[in-house]
Ligand SMILES: [Ca+2]
């Protein structure tokens, strides 16, 4: 079960010149109250690995609660990124806190670290997706999808872990209370000081600067770290953060129950809202909203104006006869609209978030999250990882559990505790006080967050709500330490009719260490010929390498009125 399925070995990227527009000003309003400047952290300086990779193994024997299983030299070019070789590095594999769980299964926090021989002085914690369980190659992604560079290629020492359980268990690890906590937040807590100590041994100094990032559940880990480990990391790169993951999963099951009411084949929820029908809705959204940003280009940049301009009830044709893909039946509209306006309890109370209408709702990645994930993934998360007490593994039937779930009751499970499961799911999965980031802010650390507007599993509106709350908690403006970028058209972490290839790590480092405030981040479409992976959702009418500025919220990329609409240079964040 993965909320962020990797697309093959997405580990080959090239070094893209920093497509970054920076400004020396912080973007505050002229009449904003003058506040003391935040401290700037010093820049990292490079160092070389002490001795050979083989020399390292005996030196690591003293790491507390840690077993090192291998140190392996990885020659240059073994990994590639964007067609470019990744430099020689030392791969260290091991585990922490081996133990037997209350379910009789063996547990440990498995990890690998990749240590460049020529190190840039920085540490990157690669927070992984889904329900973890796998030690994904520690390359350190810089966006959610297939990118042209990664942290390892940039010279970071990178760690990746399984967050405390084996993927072979699936969601069954939720039977063990400690495995729940490791997945939620304690694996990061335990691995971070070990990794820094290991780096000290390997290079003769601890990391000068430390970063954490990931998408989906990896974005959740990153937001949890903002709140819990603000003293440990200097830069936080959170993509599509499922920071309310248990609620999002129940909301997705709410959606499945709605789809089930209009599915023509009960065994296939996608028959409730077919590809042709989703395209019909996307076309209707474009008709009302595409031009609002000044360019009829297939991208709806002005998300807020589109909320007013587009009316699902009246702008989508209502079928007068049988469904044929060009319309929605009245019953479909009744069933589907609440999924977008936001899942509710039986009394009509919203418990998660709305989802914007975006043309990306017709993207090829959407059906998995809308129609399969609720009965295949969310159901195990809710029933086995977050419910107190959990369902019985031996008799658990995921689809039946999801489609029969009482939503009000389920919301009670994720805040419950008992003598065995002493922390609730909402406690161990979500950041405590997510809008109180004073520790992070005041020591000079920085935050960058991105989220696809068409993400169907974790809503960009939930992330917007967090960001506006963060602003409120900081006298109305958090932009001097945290920035939030919406990616129009993009689905969950990548894909969709979007410009979804970008590097947010480079601007984050420049902000933390050089004081260069990030404004727009230029993103590229992965059309035909993309060196890493072609995104089939890029419309045929677009340049294969269309670029757009991703704008810090609440700014919107607007067309300047002249020039090639395929080029970011002809758009401005306003
Ligand atoms: Ca447009």
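In my numbering, the protein residues as written are 1395 to 1968. Ideal Cβ positions, reconstructed from N, Cα and C, are used throughout, including at glycine.
Close-in-space but distant-in-sequence residues of the same chain around residue i (CB under 7 Å, 5 per side omitted)
| i | result |
| --- | --- |
| residue 1809 | 1818, 1820 |
| residue 1656 | 1666, 1725, 1726, 1729 |
| residue 1753 | 1676, 1679, 1680, 1692, 1694, 1883, 1891 |
Reference residue i, options the options, closest by Cα
| i | options | result |
| --- | --- | --- |
| residue 1799 | 1643, 1524, 1860 | 1643 |
| residue 1795 | 1882, 1650, 1842 | 1650 |
| residue 1526 | 1676, 1562, 1812 | 1562 |
| residue 1782 | 1812, 1914, 1805, 1680 | 1812 |
| residue 1635 | 1589, 1814, 1538 | 1538 |
| residue 1543 | 1715, 1580, 1514, 1474 | 1474 |
| residue 1887 | 1861, 1852, 1901 | 1852 |
| residue 1645 | 1965, 1592, 1775, 1437 | 1775 |
| residue 1491 | 1469, 1476, 1556, 1477 | 1556 |
| residue 1734 | 1835, 1850, 1641 | 1850 |
| residue 1468 | 1450, 1743, 1483, 1691 | 1483 |
| residue 1511 | 1575, 1564, 1450 | 1450 |
| residue 1933 | 1925, 1773, 1960, 1909 | 1960 |
| residue 1905 | 1570, 1558, 1630 | 1630 |
| residue 1435 | 1968, 1954, 1907, 1719 | 1907 |
| residue 1788 | 1946, 1626, 1566, 1506 | 1566 |
| residue 1489 | 1660, 1554, 1743 | 1554 |
| residue 1841 | 1619, 1571, 1439 | 1619 |
| residue 1950 | 1966, 1610, 1617, 1749 | 1966 |
Residues bridged to residue i [DSSP beta-bridge criterion]
| i | result |
| --- | --- |
| residue 1609 | 1633 |
| residue 1539 | According to DSSP, residue 1539 bridges with nothing at all. |
| residue 1501 | 1493 |
| residue 1733 | Paired residue(s): none; residue 1733 is not in a bridge. |
| residue 1585 | Note: residue 1585 sits in no beta bridge, so no partner. |
| residue 1967 | 1951 |
| residue 1820 | Bridge partners of residue 1820: none, in fact. |
| residue 1518 | 1552, 1605 |
Test item: CB-CB of residue i and residue j under 8 Å
| i | j | result |
| --- | --- | --- |
| residue 1871 | residue 1865 | yes |
| residue 1938 | residue 1919 | yes |
| residue 1740 | residue 1802 | yes |
| residue 1762 | residue 1777 | no |
| residue 1944 | residue 1896 | yes |
| residue 1486 | residue 1462 | yes |
| residue 1607 | residue 1550 | no |
| residue 1592 | residue 1457 | yes |
| residue 1892 | residue 1881 | yes |
| residue 1508 | residue 1532 | yes |
| residue 1652 | residue 1755 | no |
| residue 1917 | residue 1894 | yes |
| residue 1521 | residue 1615 | yes |
| residue 1481 | residue 1602 | no |
| residue 1863 | residue 1833 | no |
Ligand 1 heavy atom lying under 7 Å from the CB of residue i
| i | result |
| --- | --- |
| residue 1699 | no |
| residue 1695 | yes |
| residue 1752 | no |
| residue 1958 | no |
| residue 1685 | yes |
| residue 1689 | yes |
Sequence-distant residues of its chain with Cβ nearer than 8 Å to residue i (five each side left out)
| i | result |
| --- | --- |
| residue 1419 | With a pLDDT of 39 at residue 1419, under the threshold of 50, the predicted position of this residue should be treated as unreliable, though the coordinate-derived value follows. The residues are 1911. |
| residue 1785 | 1777, 1778, 1795 |
| residue 1583 | 1622, 1623 |
| residue 1964 | 1953, 1954, 1956, 1957, 1958 |
| residue 1861 | 1843, 1872, 1876, 1878, 1947 |
Cβ-based neighbour list, residue i, same chain, cut-off 6 Å, excluding 5 preceding and 5 following
| i | result |
| --- | --- |
| residue 1703 | 1682, 1683 |
| residue 1375 | Here the chain comprises residues numbered 1395 to 1968, so residue 1375 is not present and cannot be evaluated. |
| residue 1647 | 1768, 1772, 1796, 1799 |
| residue 1686 | 1696, 1699 |
| residue 1547 | 1475, 1480 |
Closer than 7 Å: residue i CB and nearest ligand 3 heavy atom
| i | result |
| --- | --- |
| residue 1936 | For ligand 3, the structure offers nothing, since it holds only ligand 1. |
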